[in-house]
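S.K.:
Numbering (UniProt numbering), first residue to last: 1 to 339.
#1: Just checking my contact of residue 191 with residue 214 at CB under 8 Å: how many whole Å lie between their CB atoms?
#2: Would DSSP call residue 238 helix, strand or coil?
#3: Contact defined as beta carbons within less than 8 Å: I believe residue 160 pairs with residue 146. What is the distance between those atoms, to the nearest angstrom?
#4: Relative to the ligand NAD, is the shortest distance from any of its heavy atoms to the C-beta of residue 259 smaller than 6 Å?
#5: How about residue 343 and residue 112: do their beta carbons lie closer than 7 Å?
#6: So, at 8 Å on beta carbons, what are the nonlocal neighbours of residue 306 in its own chain, with the 5 sequence-adjacent residues on each side left out?
#7: When the Cβ atoms of the segment 247-255 are set against those of the segment 266-282, are three or more pairs found closer than 8 Å?
#8: Can you give the beta carbon distance from residue 314 to residue 274, rounded, assuming they're within the 8 Å contact cut?
#9: With DSSP collapsed to three states, give me the class of residue 219.
#10: Report the partner residues of residue 116 according to the DSSP bridge assignment.
#11: Here's the rule I'm using: 16 or more other beta-carbon atoms within 10 Å means buried, otherwise exposed. How should residue 124 be labelled?
#12: Could you give the C-beta distance for residue 194 and residue 226, rounded to a whole number, given that I count them as a contact under 8 Å?
#13: Whole angstroms are fine: how far does the CA of residue 144 sit from the CA of residue 373?
#14: From this set, 91, 96, 92, which residue's C-alpha is nearest residue 85's C-alpha?
#15: Please work out which residues of its chain come closer than 7 Å, Cβ to Cβ, to residue 154, disregarding the five sequence neighbours upstream and downstream, and give them in chain order.
#16: What first and last residue would you give for the beta strand (DSSP E) that runs through residue 95?
#17: Out of 217, 295, 198, which one is the CA nearest neighbour of residue 244?
#18: Could you have a look at residue 210 and say whether DSSP puts it in helix, strand or coil?
#19: Just to confirm before moving on: does the CB-CB distance between residue 222 and residue 188 stay below 7 Å?
#20: To the nearest angstrom, how far is the alpha carbon of residue 200 from that of residue 182?
#21: Return yes when the Cβ of residue 100 is within less than 7 Å of the Cβ of residue 130, no when it is not.
#22: Measure from the alpha carbon of residue 156 to the alpha carbon of each residue in 142, 120, 173, then state which is nearest.
#23: Checking the sheet assignment: what are the DSSP bridge partners for residue 135?
#24: Give the secondary structure of residue 265 by DSSP, where H, G and I count as helix, E and B as strand, and everything else as coil.
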(Lines of atoms letter the chains of each structure in order from A and count residues from 1; the text may use other names and numbers.)
(Lines give C-alpha, C1' and ligand atoms only; values in the text may rest on other atoms or scores of the structure.)
Protein backbone atom coordinates (compact mmCIF):
# COMPACT_ATOMS: atom_id res chain seq x y z
CA UNK A 1 0.00 0.00 0.00
CA UNK A 2 1.20 3.47 -0.78
CA UNK A 3 1.31 5.90 2.12
CA UNK A 4 -1.65 8.28 2.26
CA UNK A 5 -0.87 11.62 0.63
CA UNK A 6 -0.55 12.51 4.19
CA UNK A 7 5.03 17.19 16.10
CA UNK A 8 7.26 19.69 23.64
CA UNK A 9 8.40 19.90 28.02
CA UNK A 10 6.94 18.81 31.73
CA UNK A 11 10.51 19.55 32.07
CA UNK A 12 9.84 16.02 32.96
CA UNK A 13 9.26 15.28 29.31
CA UNK A 14 5.49 15.78 28.97
CA UNK A 15 5.86 19.53 29.03
CA UNK A 16 9.15 19.85 27.19
CA UNK A 17 7.69 17.74 24.58
CA UNK A 18 4.70 19.75 23.95
CA UNK A 19 4.41 23.44 23.52
CA UNK A 20 6.00 25.23 20.72
CA UNK A 21 5.15 28.83 21.55
CA UNK A 22 7.29 31.91 21.33
CA UNK A 23 6.70 35.43 22.51
CA UNK A 24 6.06 37.82 19.65
CA UNK A 25 7.64 41.26 19.60
CA UNK A 26 4.32 42.75 20.65
CA UNK A 27 4.05 40.38 23.61
CA UNK A 28 1.35 38.20 22.08
CA UNK A 29 1.47 34.43 22.37
CA UNK A 30 2.45 32.91 19.02
CA UNK A 31 1.47 29.23 19.02
CA UNK A 32 4.74 27.57 18.09
CA UNK A 33 3.71 24.02 18.80
CA UNK A 34 7.30 22.59 19.26
CA UNK A 35 7.18 22.16 22.77
CA UNK A 36 3.72 22.47 25.01
CA UNK A 37 -0.10 23.14 24.64
CA UNK A 38 -0.96 26.75 23.96
CA UNK A 39 0.30 28.61 27.00
CA UNK A 40 1.89 32.03 26.87
CA UNK A 41 5.34 32.10 28.44
CA UNK A 42 4.14 34.82 30.78
CA UNK A 43 1.52 32.43 32.16
CA UNK A 44 4.02 29.76 33.22
CA UNK A 45 4.91 29.76 36.89
CA UNK A 46 7.25 26.78 37.13
CA UNK A 47 10.70 28.48 37.23
CA UNK A 48 12.62 25.75 35.40
CA UNK A 49 10.01 25.47 32.68
CA UNK A 50 9.87 29.25 32.34
CA UNK A 51 13.65 29.38 31.77
CA UNK A 52 13.55 26.64 29.14
CA UNK A 53 10.74 28.29 27.22
CA UNK A 54 12.37 31.68 27.45
CA UNK A 55 15.50 30.15 25.90
CA UNK A 56 13.35 28.62 23.18
CA UNK A 57 11.83 32.02 22.53
CA UNK A 58 15.18 33.76 22.25
CA UNK A 59 16.72 31.16 19.94
CA UNK A 60 13.69 30.97 17.70
CA UNK A 61 13.33 34.74 17.47
CA UNK A 62 17.01 35.20 16.69
CA UNK A 63 16.98 32.72 13.84
CA UNK A 64 13.73 33.51 12.12
CA UNK A 65 14.90 36.63 10.35
CA UNK A 66 17.22 34.77 7.97
CA UNK A 67 14.53 32.82 6.15
CA UNK A 68 12.93 34.47 3.15
CA UNK A 69 10.30 32.26 1.50
CA UNK A 70 8.11 33.88 -1.14
CA UNK A 71 5.13 35.74 0.34
CA UNK A 72 2.02 33.61 0.94
CA UNK A 73 -0.38 33.23 -1.96
CA UNK A 74 -3.48 32.93 0.20
CA UNK A 75 -4.88 32.98 3.68
CA UNK A 76 -6.00 29.54 4.81
CA UNK A 77 -9.65 28.84 5.56
CA UNK A 78 -10.37 27.64 9.09
CA UNK A 79 -12.10 24.27 9.18
CA UNK A 80 -12.56 23.96 12.95
CA UNK A 81 -11.18 25.68 16.02
CA UNK A 82 -9.39 23.30 18.40
CA UNK A 83 -6.57 24.48 20.65
CA UNK A 84 -2.99 23.42 19.89
CA UNK A 85 -3.26 20.80 17.18
CA UNK A 86 0.00 18.85 16.94
CA UNK A 87 -0.51 16.45 14.06
CA UNK A 88 -3.10 15.52 11.45
CA UNK A 89 -3.88 12.57 9.20
CA UNK A 90 -6.71 12.04 6.73
CA UNK A 91 -8.85 8.90 6.52
CA UNK A 92 -9.98 7.44 3.21
CA UNK A 93 -13.56 8.60 3.98
CA UNK A 94 -12.35 12.20 4.07
CA UNK A 95 -12.46 12.74 7.83
CA UNK A 96 -9.41 14.34 9.43
CA UNK A 97 -7.78 12.93 12.57
CA UNK A 98 -6.06 15.47 14.81
CA UNK A 99 -3.83 15.06 17.88
CA UNK A 100 -2.91 17.30 20.79
CA UNK A 101 0.23 16.76 22.87
CA UNK A 102 -1.62 17.65 26.06
CA UNK A 103 -4.61 15.36 25.59
CA UNK A 104 -5.33 11.67 25.03
CA UNK A 105 -8.25 12.66 22.81
CA UNK A 106 -7.98 11.83 19.14
CA UNK A 107 -10.25 14.28 17.34
CA UNK A 108 -12.27 13.56 14.22
CA UNK A 109 -12.86 16.58 11.99
CA UNK A 110 -15.42 16.76 9.19
CA UNK A 111 -14.05 19.26 6.65
CA UNK A 112 -17.40 19.53 4.85
CA UNK A 113 -19.62 20.17 7.87
CA UNK A 114 -16.75 21.98 9.62
CA UNK A 115 -17.38 20.18 12.88
CA UNK A 116 -15.22 18.18 15.27
CA UNK A 117 -15.90 15.33 17.66
CA UNK A 118 -13.97 12.85 19.78
CA UNK A 119 -13.01 9.79 17.75
CA UNK A 120 -11.74 8.08 20.91
CA UNK A 121 -9.58 8.64 23.96
CA UNK A 122 -6.37 6.61 23.90
CA UNK A 123 -6.08 4.77 27.19
CA UNK A 124 -2.72 4.81 28.98
CA UNK A 125 -1.41 8.16 27.82
CA UNK A 126 -1.98 11.86 28.49
CA UNK A 127 -0.93 13.29 25.15
CA UNK A 128 -0.71 12.36 21.46
CA UNK A 129 1.65 13.53 18.73
CA UNK A 130 2.73 11.90 15.45
CA UNK A 131 0.19 9.82 13.55
CA UNK A 132 0.29 7.83 10.29
CA UNK A 133 -1.82 5.23 8.50
CA UNK A 134 -0.09 1.92 7.76
CA UNK A 135 -3.08 -0.22 6.68
CA UNK A 136 -6.50 0.95 5.47
CA UNK A 137 -8.10 2.78 8.41
CA UNK A 138 -5.44 1.54 10.83
CA UNK A 139 -3.16 4.18 12.31
CA UNK A 140 -0.09 4.30 14.51
CA UNK A 141 0.04 7.21 16.93
CA UNK A 142 2.62 8.32 19.48
CA UNK A 143 1.43 8.70 23.06
CA UNK A 144 3.26 10.18 26.01
CA UNK A 145 6.60 10.56 24.25
CA UNK A 146 7.65 6.92 24.71
CA UNK A 147 4.83 4.73 23.41
CA UNK A 148 3.27 3.85 20.07
CA UNK A 149 -0.39 2.87 19.90
CA UNK A 150 -2.55 1.31 17.24
CA UNK A 151 -5.86 3.03 16.50
CA UNK A 152 -8.14 0.82 14.42
CA UNK A 153 -11.19 2.20 12.60
CA UNK A 154 -11.48 -0.73 10.18
CA UNK A 155 -14.12 -2.69 12.10
CA UNK A 156 -16.50 0.16 12.81
CA UNK A 157 -16.13 1.29 16.42
CA UNK A 158 -12.60 2.66 16.84
CA UNK A 159 -10.37 1.07 19.43
CA UNK A 160 -6.81 1.65 20.59
CA UNK A 161 -4.16 -0.81 21.76
CA UNK A 162 -0.56 -0.36 22.85
CA UNK A 163 1.98 -1.54 20.28
CA UNK A 164 5.14 -0.84 22.25
CA UNK A 165 6.73 1.39 24.86
CA UNK A 166 10.31 2.28 23.94
CA UNK A 167 11.72 2.71 27.42
CA UNK A 168 14.98 4.32 26.31
CA UNK A 169 13.17 6.91 24.20
CA UNK A 170 13.41 10.50 25.39
CA UNK A 171 10.83 12.29 23.27
CA UNK A 172 9.14 10.44 20.41
CA UNK A 173 7.48 12.96 18.14
CA UNK A 174 7.50 12.43 14.37
CA UNK A 175 5.98 9.27 12.86
CA UNK A 176 5.88 8.09 9.25
CA UNK A 177 4.64 5.18 7.14
CA UNK A 178 7.37 2.82 5.86
CA UNK A 179 5.41 -0.24 4.75
CA UNK A 180 2.21 -2.11 5.62
CA UNK A 181 3.65 -3.43 8.88
CA UNK A 182 6.34 -0.89 9.74
CA UNK A 183 6.42 2.73 10.81
CA UNK A 184 9.35 5.05 11.43
CA UNK A 185 9.48 7.06 14.65
CA UNK A 186 11.72 10.07 15.36
CA UNK A 187 13.10 10.63 18.86
CA UNK A 188 13.56 14.38 19.20
CA UNK A 189 15.45 13.96 22.48
CA UNK A 190 17.96 11.32 21.36
CA UNK A 191 18.30 12.57 17.80
CA UNK A 192 17.61 9.27 16.05
CA UNK A 193 15.00 7.30 14.14
CA UNK A 194 13.53 3.92 15.09
CA UNK A 195 11.62 1.49 12.95
CA UNK A 196 8.91 -0.53 14.68
CA UNK A 197 6.86 -3.50 13.56
CA UNK A 198 3.26 -2.59 14.36
CA UNK A 199 2.26 -6.26 14.69
CA UNK A 200 5.05 -7.51 16.98
CA UNK A 201 6.33 -4.34 18.64
CA UNK A 202 9.90 -5.24 17.67
CA UNK A 203 11.92 -2.10 17.09
CA UNK A 204 15.47 -1.01 16.28
CA UNK A 205 17.41 2.13 15.47
CA UNK A 206 17.78 2.72 11.75
CA UNK A 207 19.23 6.22 11.50
CA UNK A 208 21.22 8.64 13.63
CA UNK A 209 22.98 11.81 12.52
CA UNK A 210 24.24 15.04 14.12
CA UNK A 211 21.61 16.93 12.11
CA UNK A 212 18.93 15.02 14.05
CA UNK A 213 20.31 15.98 17.46
CA UNK A 214 18.86 18.63 19.78
CA UNK A 215 20.27 22.12 19.43
CA UNK A 216 22.11 23.65 22.37
CA UNK A 217 20.30 23.23 25.67
CA UNK A 218 16.88 22.59 24.12
CA UNK A 219 15.99 18.87 24.36
CA UNK A 220 14.25 18.79 20.97
CA UNK A 221 15.88 17.94 17.64
CA UNK A 222 14.46 15.96 14.73
CA UNK A 223 10.78 16.76 14.38
CA UNK A 224 8.69 15.94 11.32
CA UNK A 225 9.55 12.91 9.17
CA UNK A 226 8.21 11.39 5.95
CA UNK A 227 9.49 8.46 3.90
CA UNK A 228 9.14 7.67 0.20
CA UNK A 229 11.14 5.79 -2.42
CA UNK A 230 14.24 5.10 -0.35
CA UNK A 231 14.50 8.59 1.14
CA UNK A 232 13.67 9.88 4.61
CA UNK A 233 12.89 13.59 4.72
CA UNK A 234 13.10 15.32 8.10
CA UNK A 235 13.16 18.67 9.85
CA UNK A 236 15.10 19.82 12.91
CA UNK A 237 12.92 22.55 14.26
CA UNK A 238 15.32 24.48 16.48
CA UNK A 239 18.17 24.22 14.00
CA UNK A 240 15.84 25.75 11.39
CA UNK A 241 16.91 22.98 9.04
CA UNK A 242 15.51 20.50 6.53
CA UNK A 243 17.29 17.31 5.44
CA UNK A 244 17.06 14.03 3.60
CA UNK A 245 18.89 10.73 4.11
CA UNK A 246 18.79 7.50 2.06
CA UNK A 247 17.25 4.41 3.67
CA UNK A 248 17.32 0.82 2.49
CA UNK A 249 13.81 0.15 1.12
CA UNK A 250 13.73 -3.28 2.80
CA UNK A 251 15.52 -2.85 6.14
CA UNK A 252 14.94 0.90 6.56
CA UNK A 253 18.55 1.32 7.69
CA UNK A 254 20.38 4.43 6.54
CA UNK A 255 22.64 3.71 3.58
CA UNK A 256 24.50 6.98 3.10
CA UNK A 257 25.17 10.50 4.26
CA UNK A 258 22.42 13.01 4.85
CA UNK A 259 21.92 16.04 2.61
CA UNK A 260 21.10 19.41 4.15
CA UNK A 261 18.52 21.27 2.08
CA UNK A 262 18.33 24.46 4.11
CA UNK A 263 19.41 25.90 7.45
CA UNK A 264 17.51 29.18 7.54
CA UNK A 265 13.83 28.35 7.88
CA UNK A 266 12.03 26.76 10.81
CA UNK A 267 10.37 23.51 9.79
CA UNK A 268 7.92 21.53 11.90
CA UNK A 269 6.13 18.66 10.16
CA UNK A 270 5.74 17.90 6.46
CA UNK A 271 3.57 16.02 3.98
CA UNK A 272 3.65 14.81 0.38
CA UNK A 273 1.39 16.49 -2.14
CA UNK A 274 -0.44 14.86 -5.09
CA UNK A 275 1.76 16.89 -7.45
CA UNK A 276 5.03 15.31 -6.27
CA UNK A 277 5.95 18.32 -4.16
CA UNK A 278 6.72 18.34 -0.43
CA UNK A 279 4.92 20.72 1.92
CA UNK A 280 6.51 21.89 5.17
CA UNK A 281 4.82 23.68 8.06
CA UNK A 282 6.91 26.45 9.58
CA UNK A 283 5.35 26.86 13.03
CA UNK A 284 6.19 30.37 14.26
CA UNK A 285 6.71 31.53 10.66
CA UNK A 286 2.95 30.94 10.31
CA UNK A 287 3.03 29.39 6.87
CA UNK A 288 2.90 26.29 4.71
CA UNK A 289 5.73 26.16 2.17
CA UNK A 290 6.08 24.14 -1.01
CA UNK A 291 9.35 22.38 -1.81
CA UNK A 292 10.52 20.79 -5.05
CA UNK A 293 12.20 17.52 -3.99
CA UNK A 294 14.10 17.35 -7.27
CA UNK A 295 16.01 20.56 -6.53
CA UNK A 296 19.49 20.18 -5.07
CA UNK A 297 18.93 23.26 -2.91
CA UNK A 298 15.20 23.90 -2.93
CA UNK A 299 13.76 27.37 -2.44
CA UNK A 300 10.64 27.11 -0.27
CA UNK A 301 7.62 28.89 -1.71
CA UNK A 302 4.91 29.91 0.74
CA UNK A 303 1.47 28.74 -0.37
CA UNK A 304 -0.64 29.69 2.63
CA UNK A 305 -0.77 31.48 5.96
CA UNK A 306 -1.61 29.45 9.09
CA UNK A 307 -0.80 30.77 12.56
CA UNK A 308 1.54 28.39 14.37
CA UNK A 309 1.40 25.77 11.61
CA UNK A 310 2.50 22.38 12.96
CA UNK A 311 1.49 19.64 10.53
CA UNK A 312 -0.24 18.92 7.24
CA UNK A 313 -2.03 16.20 5.29
CA UNK A 314 -3.79 16.24 1.93
CA UNK A 315 -7.42 15.39 1.33
CA UNK A 316 -8.25 11.97 -0.10
CA UNK A 317 -11.57 12.48 -1.85
CA UNK A 318 -12.19 13.80 -5.35
CA UNK A 319 -13.42 17.02 -3.77
CA UNK A 320 -10.27 17.83 -1.81
CA UNK A 321 -7.25 16.02 -3.24
CA UNK A 322 -5.64 19.41 -3.86
CA UNK A 323 -6.39 20.69 -0.36
CA UNK A 324 -3.74 20.60 2.36
CA UNK A 325 -5.26 20.39 5.83
CA UNK A 326 -2.94 22.17 8.23
CA UNK A 327 -2.90 21.82 12.01
CA UNK A 328 -1.92 24.79 14.12
CA UNK A 329 -2.25 26.61 17.39
CA UNK A 330 -5.85 27.64 16.62
CA UNK A 331 -7.24 24.54 14.93
CA UNK A 332 -7.35 22.88 11.53
CA UNK A 333 -7.16 24.96 8.35
CA UNK A 334 -7.54 24.28 4.63
CA UNK A 335 -5.07 25.51 2.02
CA UNK A 336 -6.00 24.93 -1.62
CA UNK A 337 -2.98 24.10 -3.76
CA UNK A 338 -2.84 25.00 -7.45
CA UNK A 339 -1.77 21.81 -9.23
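Beta carbons are placed, not taken as given, at the ideal position from N, Cα and C, and that holds for glycine.
M.R.: Let me spell this out:
#1: 6 Å
#2: helix
#3: Not a contact, Cβ separation roughly 16 Å.
#4: The model on display carries no ligand, and the ligand NAD is accordingly not part of it.
#5: Residue 343 lies beyond the range of the chain shown here (1 to 339); nothing can be said about it.
#6: 76, 281, 286, 287, 288, 326, 328, 333, 335
#7: The segment 247-255, when compared against the segment 266-282, does not touch it at the 8 Å Cβ threshold.
#8: About 6 Å; that satisfies the 8 Å criterion.
#9: Looking at residue 219 - three-state DSSP - the assignment turns out to be coil, as it is neither helix nor strand.
#10: 109
#11: By the Cβ-count criterion, residue 124 is exposed, with fewer than 16 other Cβ atoms from all chains shown falling within 10 Å of its own Cβ.
#12: Not a contact, Cβ separation roughly 15 Å.
#13: Coverage of the chain is limited to positions 1 through 339, which leaves residue 373 absent and any answer about it impossible.
#14: It is 96 whose Cα lies nearest to the Cα of residue 85.
#15: 136, 137, 138
#16: Counting along the chain, residue 95 falls outside any beta strand (DSSP E), and DSSP gives it neither H nor E.
#17: 295
#18: Of the three classes helix, strand and coil, the one that applies to residue 210 here is helix, per DSSP.
#19: yes
#20: 10 Å
#21: No. Outside cutoff.
#22: 120
#23: DSSP lists 138 as the beta-bridge partner residues of residue 135.
#24: coil
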